Amino acid sequence: MNIVVVVRQVPDLIEPLEIASSGDALDLDAASFIINESDDHALEQALLLKEAGGGGVTVVALDFGDVDNSLYAAAAKGADRIVKIAFDGDVPPPARESAALYAEAIKPLGADLVLVGVQAHDELDGGLSPFLAAALGMPYVGVIRGVKAGDAPGSVVACKEFPGAVMARMNVKLPALLGILGADQPPRYVPVSRIRGAMKTAQFEESAVAAAVAEPLLKVGGLSPPAPAARAEMLAGSEEEIAGRIVEILAEKGLVK
Amino acid sequence: MSAQDVLVLVETRGGAVADATFELLAAARELAKASGGEVLAVALGAARAEELKAADRIIAVDDPLLADYSPEPFVAAVREVVAAEQPRAVLVGSTSIGWDVGPLLAARLNAPLATGCQSVRLEGNDLLATTSFCGGKMTAECSLKGAPAILMMLPGCCRPSEETGKGAVEQRKPSAPLAAGAVAFQEWIYPEAGDVDITQQNVLVAVGRGIQQQDNVELAEELAQSLGGAVAASRPVIDQGWLPSTRQVGKSGMTVKPKCFLALGISGAPEHVEGMKNSELIVAVNTDPNAPIFDVAHYGAVADIVDLIPALTESLQKR
Ligand SMILES: Cc1cc2nc3c(=O)[nH]c(=O)nc-3n(C[C@H](O)[C@H](O)[C@H](O)COP(=O)(O)OP(=O)(O)OC[C@H]3O[C@@H](n4cnc5c(N)ncnc54)[C@H](O)[C@@H]3O)c2cc1C
Ligand SMILES: Nc1ncnc2c1ncn2[C@@H]1O[C@H](COP(=O)(O)O)[C@@H](O)[C@H]1O
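Chains L and G, in that order, give the protein sequences.
Using our numbering, read the first sequence as starting at 1 and increasing by one per residue.
Using our numbering, read the second sequence as starting at 1001 and increasing by one per residue.
Below, the structure written as structure tokens:
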């Protein structure tokens, strides 16, 4: 099976988020970047499928943020090919425009299965995954945790998550694009030495695709930190003091024996 | 039909209309008042018309392929209703089905889409949405160009209202039988019984990514035992395989309302919060003073849970 995975960079939410002086975008100069979590799961799922049934895994990424780090890690984990899409903007384009770019880069790859994280936390205008499926003319289902080869050749079985830890088993005829939320196993750990090795040997293929930029259908007027309706009463002090206060609060509610 | 109507995609859970749908209907009512249109509810598969009195018109579409969920038949059925009714806006939940149908519909109609909507309103002819992103750490004011605007509403966006609409029911069949498409529903898989039922506990000790290591989950177990409660978790902990999926709280997990919910090392992403926000007492502990969980909690503390959890257990045992 020829599997293509899209890997995106998102700002790490551990760092405080800054708003650009324009007021309508994040200031990404101040951000540090990590691989989008559900894309990391998509990569893991692709590697598991390849290990179980053979084939190849191609990672496609926009040249943005610290993408090289994520791509070397992907190579060290076992990705066979890496395609980097040239990009020199300050912020990744909105989902639809990104989808058009990725579609141009992915079309020549002849994918049987395309796996994309179902959500990136910096998106405002819908997931990339369904828009990319539409741009590629592929069938789509998202919010998937776990994919296995299907009984019929040219098919996979994907589990779609519903509330209450309920899943729907879906039979998917390939080619198709799946929006991945979780892999069958947590993303594998790769030692730094292997990543260093990949930095010496891995080759990135450059893709200079372009997509027509349509007038965006969603305009951002301004960003602001959330204005919460309420805020917790904060407990201060040493760990012992905080623990003591929490136990008192629980005792007041009759929750401590 | 009117270009000012607001259409709601109805979802069901175990045969009954989902709570999220009542929130959408209330949000749709406010929009329809501003636009001068009606509230339309589209119910696919088994119609629950008597539960949908908040709508003016209930369009029940029936077809064998709508009995369970497959994306292609659902999108095709909604698209046909949208084409016939030409609504100003379509409100979809941020649910498993919504995350397929909302964007796929937007792609096919080349319609504007906003995700993470906390509130929506009309100002003149402009449809505006306040949306939440970056795990609840940032909000954006967005305007959507063109109709229908597809709005994916966050849980809790609107309080369900008692207000009823005209409640007229129309049964429809798709103009042509729906095609299954390449993604075909096979079966529902329910969680294995036998584990603790976290929806039935008085006290939940919930741990998130801040627990850092599998060994530390043991600390939470000890605390839960001293409180006579159980350990629950956010998604990353379940993804690691440190606890079974029956312990997950949130969108894909359980909705819980214990007497006390301790949120330990959990950031408070909307997908988690929707499963625990109605707990009677919420106490959150996090190293990040800006974590969104402190906007939901009644009490909070900035501390390292790897130290605080044993301190709590000890403090309880000393009593
Ligand atoms: C379709 C969909 C469905 C989803 N369903 C669910 C669901 O059902 N349930 C769910 O939980 N999530 C769900 N998610 C994921 C959700 O978006 C978040 O990614 C998730 O809730 C984050 O979990 P977390 O708070 O544990 O991790 P993070 O967001 O990484 O937060 C970890 C927190 O721990 C703090 N921390 C770190 N170290 C320490 C320490 N030593 N002491 C104290 N605090 C510390 C950090 O400051 C941070 O705030 C879903 C997502 C999608 C797209
Ligand atoms: N957790 C769930 N279990 C069963 N059905 C669900 C669930 N979540 C959503 N559904 C929806 O419920 C419909 C099945 O209806 P019912 O048989 O009445 O539960 C499907 O079309 C799905 O849209």
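Just so it is clear, CB atoms sit at the ideal spot from N, CA and C, and this is done for glycine as well.
Note that the structure is a prediction, hence the values are computed from the model and not measured.
Closer than 6 Å: residue i CB and nearest ligand 1 heavy atom
i: H1298 (chain G); result: no
i: I242 (chain L); result: no
i: K1251 (chain G); result: yes
i: R188 (chain L); result: no
i: N1278 (chain G); result: no
i: T1131 (chain G); result: no
i: T1115 (chain G); result: no
i: A1291 (chain G); result: yes
i: E1218 (chain G); result: no
i: T1095 (chain G); result: no
i: D1019 (chain G); result: no
i: G1210 (chain G); result: yes
i: G1265 (chain G); result: yes
i: R231 (chain L); result: no
i: Q1248 (chain G); result: yes
i: P1236 (chain G); result: yes
i: N2 (chain L); result: no
Heavy atom of ligand 4 within 6 Å of residue i beta-carbon
i: S1315 (chain G); result: Ligand 4 is not part of this structure, which contains only ligand 1 and ligand 2.
Alpha-carbon spacing of residue i relative to residue j, whole angstroms
i: L49 (chain L); j: L250 (chain L); result: 48 Å
i: G1250 (chain G); j: T201 (chain L); result: 42 Å
i: R1079 (chain G); j: G1102 (chain G); result: 10 Å
i: D90 (chain L); j: L28 (chain L); result: 8 Å
i: A210 (chain L); j: I246 (chain L); result: 57 Å
i: V1075 (chain G); j: S155 (chain L); result: 22 Å
i: V213 (chain L); j: P94 (chain L); result: 10 Å
i: V1081 (chain G); j: V1042 (chain G); result: 8 Å
i: S98 (chain L); j: P92 (chain L); result: 7 Å
i: A1028 (chain G); j: Q203 (chain L); result: 52 Å
i: A1182 (chain G); j: P1071 (chain G); result: 9 Å
i: G126 (chain L); j: M170 (chain L); result: 22 Å
i: A1032 (chain G); j: Q9 (chain L); result: 39 Å
i: A1018 (chain G); j: G1156 (chain G); result: 13 Å
i: N1286 (chain G); j: A1301 (chain G); result: 7 Å
i: V277 (chain L); j: A120 (chain L); result: Only positions 1 to 257 of chain L appear in this structure, which leaves residue 277 (chain L) out of reach.
i: L1178 (chain G); j: N69 (chain L); result: 46 Å
i: I1211 (chain G); j: A1020 (chain G); result: 31 Å
i: A31 (chain L); j: G1135 (chain G); result: 15 Å
i: S1234 (chain G); j: P216 (chain L); result: 35 Å
i: S207 (chain L); j: A86 (chain L); result: 6 Å
i: V1205 (chain G); j: D1239 (chain G); result: 18 Å
i: Q1248 (chain G); j: G1124 (chain G); result: 43 Å
i: G1208 (chain G); j: F162 (chain L); result: 20 Å
Secondary structure of residue i, DSSP reduced to three states
i: T1012 (chain G); result: strand
i: Y140 (chain L); result: strand
i: Y72 (chain L); result: helix
i: S1315 (chain G); result: helix
i: E1051 (chain G); result: helix
i: Q1200 (chain G); result: helix
i: S32 (chain L); result: coil
i: I195 (chain L); result: helix
i: A1180 (chain G); result: coil
i: R188 (chain L); result: coil
i: S207 (chain L); result: strand
i: K173 (chain L); result: strand
i: R245 (chain L); result: helix
i: V67 (chain L); result: helix
i: K148 (chain L); result: strand
i: R1057 (chain G); result: strand
i: S1002 (chain G); result: coil
i: D1019 (chain G); result: helix
Local Cβ density within 10 Å of residue i, reported as buried at 16 or more and exposed below that
i: I1198 (chain G); result: buried
i: V192 (chain L); result: exposed
i: K77 (chain L); result: buried
i: E1023 (chain G); result: buried
i: P196 (chain L); result: Per the sequence presented here, residue 196 (chain L) reads as Arg, with Pro not at that position. Classification for R196 (chain L): exposed.
i: I106 (chain L); result: buried
i: Y189 (chain L); result: exposed
i: R145 (chain L); result: buried
i: D1215 (chain G); result: exposed
For the stretch 1069–1137 of chain G, which segments carrying the alpha helix (DSSP H) assignment without a break, of at least 4 residues, lie completely within its bounds, in sequence order?
1071–1085, 1098–1109
Any beta strand (DSSP E) of 3 or more consecutive residues that is wholly inside the stretch 84–110 of chain L:
none
Entirely within the stretch 1210–1248 of chain G and at least 3 residues each: give me those beta strand (DSSP E) ranges in chain order.
1230–1233
For a minimum of 4 consecutive residues, which ranges assigned as the alpha helix (DSSP H) are wholly contained in the stretch 1260–1304 of chain G?
1270–1273
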